[in-house]
Every structure is written in C-alpha cells, then in structure tokens.
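What follows is a set of notes on a single structure, which appears directly below.
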Amino acid sequence: MTKEIGITVKKSLDFSDWYTQCVLKSGIADYSPSKGFIILRPYGYAIWEIIREILDEELKKTGHKNGFLPVLIPESLITKEKDHFDGFLPEVFWVTKSGDCDLAEKLAVRPTSETLAYSMFSKWISSYRDLPLKLNFWNSALRAEIKSTKPLIRNSEFLWQEGHTAHTDENEANKEVRMILDIYKMLIEEYLAIPTLSGFKTDKEKFVGAKYTTCLESAMADGKALQMATSHHLGQNFSKPFEIKFLDKDMVEQYVWQTSWGFSWRVIGAIIMVHGDDKGLILPPKISPTQVIIVPIYKDESKTVVKQKAYELEQKLKDSQIRVQTDDRDEFTSGWKFNDWEMKGVPLRANIGLRDIQENQVELIRRDTKERFYVKEKELVSQTLSILEKIQLNMFDRAKNLLQEKTRSATTLEELLSVLDTTGGFVSCSWCGKRDCEDLVKEKTTADIRIVPFNPKNNISSCIGCGNQETIEVYFGRAY
Numbered sequence: 233m234t235k236e237i238g239i240t241v242k243k244s245l246d247f248s249d250w251y252t253q254c255v256l257k258s259g260i261a262d263y264s265p266s267k268g269f270i271i272l273r274p275y276g277y278a279i280w281e282i283i284r285e286i287l288d289e290e291l292k293k294t295g296h297k298n299g300f301l302p303v304l305i306p307e308s309l310i311t312k313e314k315d316h317f318d319g320f321l322p323e324v325f326w327v328t329k330s331g332d333c334d335l336a337e338k339l340a341v342r343p344t345s346e347t348l349a350y351s352m353f354s355k356w357i358s359s360y361r362d363l364p365l366k367l368n369f370w371n372s373a374l375r376a377e378i379k380s381t382k383p384l385i386r387n388s389e390f391l392w393q394e395g396h397t398a399h400t401d402e403n404e405a406n407k408e409v410r411m412i413l414d415i416y417k418m419l420i421e422e423y424l425a426i427p428t429l430s431g432f433k434t435d436k437e438k439f440v441g442a443k444y445t446t447c448l449e450s451a452m453a454d455g456k457a458l459q460m461a462t463s464h465h466l467g468q469n470f471s472k473p474f475e476i477k478f479l480d481k482d483m484v485e486q487y488v489w490q491t492s493w494g495f496s497w498r499v500i501g502a503i504i505m506v507h508g509d510d511k512g513l514i515l516p517p518k519i520s521p522t523q524v525i526i527v528p529i530y531k532d533e534s535k536t537v538v539k540q541k542a543y544e545l546e547q548k549l550k551d552s553q554i555r556v557q558t559d560d561r562d563e564f565t566s567g568w569k570f571n572d573w574e575m576k577g578v579p580l581r582a583n584i585g586l587r588d589i590q591e592n593q594v595e596l597i598r599r600d601t602k603e604r605f606y607v608k609e610k611e612l613v614s615q616t617l618s619i620l621e622k623i624q625l626n627m628f629d630r631a632k633n634l635l636q637e638k639t640r641s642a643t644t645l646e647e648l649l650s651v652l653d654t655t656g657g658f659v660s661c662s663w664c665g666k667r668d669c670e671d672l673v674k675e676k677t678t679a680d681i682r683i684v685p686f687n688p689k690n691n692i693s694s695c696i697g698c699g700n701q702e703t704i705e706v707y708f709g710r711a712y
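This is how it looks when you write it as structure tokens:
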C-alpha cells in the first residue's frame, strides 16, 4: 500500500483530521505506544526549544531562577492541601509498587508541583531577607487525559514551565501575577503571531487553590477557544497549610504571599491551528527552526555548480543570524522538496538554478502569501530580513482579523447558542456574577466563561442567565 504524502483533507472541511495530519506529517510529533501520550520529534522539539529560550531569557531578566523538582510526590504531602489536590484527583497517575514490592506510601506522578515546591519553601524561607523567592521549573507534568486526547492540546504528559514565587506582601504578589501575564502576552503575540484576550477566570474556572487566576485566551480557526497561559495569585492558601512563614523587619512572624504560573507546548498546537492552511503548517519566522530553505534546482551536468552556489548563499544568510539550510538531497525532485517544505511551514523558500546564477539573482517564495519574486544576489540578505519581518507582521494581522471575526455579542441564551453553533469563537455577554447562571449557560450551550476582562463594562444588558440588571461583561466560548 502506498503511503499518502502531504495533507489530504481541507482545513475547512475536516479540521480535526487536517490538524492531526499537520502534526504527524510535518514531523512535529507522533503517537506513543501508550494511549494518551505523544512523542515530540526533532522538528517539534526545535520549535519548543526556540520558544523556551525566548521565555527563559525574559524570566531571568526579571529575577527568576531555574530549578528542578522530582516527578513523584508522596501522598502524605499532597493531603496537606486537600482542596487543591482533590481538584486534580481524577487525573492523577499513582505509583504503588517498586519492582514486585508494594510501596509503604503511594506516590503521585506530578500533575503540578505546588505541594512539592511549597514543602521546600517552608525550609528555605525564614526571614524577609529570603524574599522574594522566584523560581521556575522546565519539566513535564502528567495528567490522565485518556478519553479525549489531541496531540499537543490534550495529552497525558506535556512539556511546560511552571513558576512559583513567594513574597512579603500581597501587593508584590499582585504585581508578579500581572508581570508574568504580560510576558506571556508579549511572547504569544510578538513571536507566535497569535492575538489574545486577557482577563480573570471566574471562581468556578480558576486554578484550584488560587485566590484568583488570570489568563490569556485565543480563538482557533475552527471557532474553539484555547487557553494559552495562566498566572495565579495563590494568596496565603498554600503558605498556611505548609507553614511558609518569615520574620518581617519588625521581627513579627508572617505568612508569605504566593503566585504560580504556567505555559505549555500546547502553544505549538495553537500555531498550527491558527496559521496553517490546506498545504500544512505556516510558521512565524521568529520561532521557525528554519527561516529560509534553499532549494538548488539542477540537472546532472549543472549539479556541482548550482549546489556550490546554494552553499555560498546559505553561508551569507547564516552570517546575518538567519536560520537557513540547503536541501541538497539528490534522491528527491525539486517539486517534491517544494511540497515538503511547504508542509513544514518554512516561512521563505529560495530557489537557485543555473539561469539564476547567470543573472546574479535568486527566486524567493513566501509561504504565507505564496508570492514569488526575484532579488539580486547582492541584495539577498537585506531583502530576506525585510521579507521575514513582513511575514511575521502579516501573520499577526491575519490572526487578529480571525479573532475579530470570531468575536461576537449576544443578549439572550438563544442568541448565544446561535452564534456558537454558526461561527463559534468568543461571545460577549452580560452576567450577574452568580454561579447558578454560569452553570445554566454551560448546561444549555456547553460553553464556559473564558474571560472576565480586567476592566469589564458594567450593565450593558440584563444577565444572559437570569435577567438580573446588575451585570458585568464576560466572554463565553467552547474550548479545547
């Protein structure tokens, strides 16, 4: 049986299959033999490395330091913050044996690291001089997503970073929460070219154990919402059960104020869903492992000359810090290479043939617009840098238009349901703030409140659930 090459379904006709094909056929990831788990292949990991390096640098600039935490957490430690862990209980993997021997105490496989990190904070913090403590961990987390999985979006194990900080007062913790959210927003919008909505989660949707949760949400091309990053104010909800205390300047013992925040590889899935087309991925230049692919086009008699010119061009671009490579594989035709790199989403392709060499020019093809044009060899570097910047900006503008197209408003449940069923996306509604109404809308529409804006409009219309006149603006959406 011949293996099908390339994306075989249209994005608009079967979004789910299109997405899966993009992930698998582009070389981003593959399925693991264990249900619910995936393997990140070198191409996907290269994207993650670039994103990680950008975020890691920003976190270090703001005084955060990296550490490492083990993956197993004793059950006795977890019960110290029962409400928090009960929220994760259905998703937890447990280790109960070592070889053939039963363990004296069950060990939870890390779903998140609050309980483990904070048991150590209580040892490391004793004075105001130890604060603020600002730690970040690049690791994996495991949650039992067995029934409904989607590569990079919902898996039983995922790569992420989780930050944990402790502060002397609540105001400092508040500032930390918003600073981190701003860093996430900068990364997602300026590097991934995906616009976001920012705000609070409701009490129902906030992180378990948090005083409040802030988050960034984006609209995918199929109309579903995707939570891109979260930043939580934990108050003293963990410092009290874990006895994380310090002596202040007046020698009075106080509990610390804490935050936690996280960002995962699901953003790679978002890049695919927002930017990709029927041919495959379209990667924003700033995070693409290969920004320019050079394809030498030759016949046997011109192979040596054309390849040598391709290598010269590659070096010129590398000297200007452009991530570039030459596809010099003889076993594939030029047309096959074009389609392969198009599927992988490389932002810019440079074709070079014997005639181009004779005319001192290079043919360039943009992945985002498919526009073709010729540039003189001596202008290749400057033109490439300019075009890559234009591609980055164009991709953000197109994604911003998508977000605007998929943001509507509704004043009744019927209208909300109609918008969700037709265009999806985010729907601005008025809400009275009561959990009963939030649950009612969820029951009737399967939509959640994705965002309560930081500065919501008040009393635009009556509550979409109960008709109460005292309301705030919220955004509903169906999510992954």
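In this note's numbering, the protein residues as written are 233 to 712. Where a beta carbon is used, it is the ideal one built from N, C-alpha and C, also for glycine.
Can you tell which of the options has the C-alpha that lies nearest to the C-alpha of residue i?
i: Lys550; options: Glu437, Gly441 and Pro521; result: Pro521
i: Leu649; options: Glu437, Gly709, Arg682 and Gln624; result: Gly709
i: Leu586; options: Val594, His507 and Ser430; result: Val594
i: Pro306; options: Trp326, Asp249 and Glu290; result: Trp326
i: Trp280; options: Ala457, Ile237, Ser496 and Thr428; result: Ser496
i: Leu634; options: Tyr277, Lys456 and Asn571; result: Lys456
i: Phe470; options: Ala453, Thr462, Trp489 and Asp454; result: Trp489
i: Glu574; options: Arg640, Ile597, Val673 and Thr446; result: Ile597
i: Ala278; options: Asn691, Glu533 and Lys518; result: Lys518
i: Phe300; options: Lys569, Lys531, Gln590 and Asn368; result: Asn368
i: Glu705; options: Glu670, Ala631, Pro427 and Leu625; result: Glu670
i: Gln701; options: Lys666, Ile683 and Leu672; result: Lys666
i: Ile420; options: Arg498, Thr703, Gln636 and Ser534; result: Arg498
i: Ile286; options: Ile415, Arg561, Gln253 and Tyr275; result: Ile415
i: Gln557; options: Gly567, Val578, Ser694 and Ala711; result: Val578
Reducing DSSP to helix, strand and coil, say where residue i ends up.
i: Ala442; result: coil
i: Val556; result: strand
i: Ala679; result: coil
i: Cys713; result: One cannot answer for residue 713 here, as it falls past the ends of the chain, which runs 233 to 712.
i: Pro517; result: helix
i: Asp246; result: coil
i: Thr234; result: Low local confidence applies: a pLDDT of 43 at Thr234 is under 50, so the model's placement there is unreliable, and no value is given.
i: Lys569; result: helix
i: Gln523; result: coil
i: Asp588; result: helix
i: Arg581; result: strand
i: Tyr543; result: helix
i: Gly270; result: Note on identity: in this sequence residue 270 is Ile, with Gly being the wrong assignment. Strand at Ile270.
i: Leu384; result: coil
i: Ile357; result: coil
i: Tyr712; result: coil
i: Ile529; result: strand
i: Thr434; result: coil
i: Asp262; result: strand
i: Ala425; result: coil
i: Val241; result: coil
i: Leu549; result: helix
i: Lys417; result: helix
i: Ala376; result: coil
Given that a residue counts as buried once 16 or more other Cβ atoms are within 10 Å of its Cβ, and exposed if not, what is residue i?
i: Glu475; result: exposed
i: Lys576; result: buried
i: Val527; result: buried
i: Arg604; result: exposed
i: Met233; result: Here the model assigns Met233 a pLDDT of 37, short of 50, so the residue's position is not dependable, and the following value carries that caveat. Per the 10 Å Cβ criterion, exposed.
i: Tyr350; result: buried
i: Ala373; result: buried
i: Ala336; result: exposed
i: Tyr606; result: exposed
i: Phe628; result: buried
i: Cys698; result: exposed
i: Leu245; result: exposed
i: Val216; result: Absent from the model: residue 216. The displayed extent of the chain is 233 to 712, so no value can be given.
i: Pro322; result: exposed
i: Asn691; result: exposed
i: Asp680; result: buried
i: Leu580; result: buried
i: Asn298; result: exposed
i: Lys638; result: buried
i: Ile318; result: The sequence given here has Asp at residue 318, not Ile. Exposed is the call here.
i: Gly441; result: buried
i: Met483; result: exposed
Please check the pair residue i and residue j, which I expect to be a contact at CB under 8 Å, by giving their CB distance rounded to whole angstroms.
i: Ser345; j: Phe686; result: No, Ser345 and Phe686 are not in contact; Cβ-Cβ is about 27 Å, not under 8 Å.
i: Ala582; j: Val524; result: 6 Å
Using a Cβ-based criterion (distance less than 6 Å to any ligand heavy atom), does residue i qualify as near the ligand COA?
i: Leu596; result: Only the bare structure without any ligand can be found here, which leaves the ligand COA out of the picture.
Original post:
Which whole runs of the alpha helix (DSSP H) in the stretch 460-501 are 4 residues long or more, in chain order?
Top reply: List check, alpha helix (DSSP H) in window: nothing returned.
Subject >> Contained alpha helix (DSSP H) runs [length at least 4] in the stretch 276-355, N- to C-terminal order >> reply: The qualifying runs are 307-310 and 314-318.
**OP:** Let me know the alpha helix (DSSP H) ranges lying completely inside the stretch 593-649, each 4 residues or longer, listed in chain order.
**Re:** Listed in chain order, they are 612-637.
Subject >> Runs of beta strand (DSSP E) wholly within the stretch 653-703 (minimum 3 residues, chain order) >> reply: Listed in chain order, they are 658-663 and 680-685.
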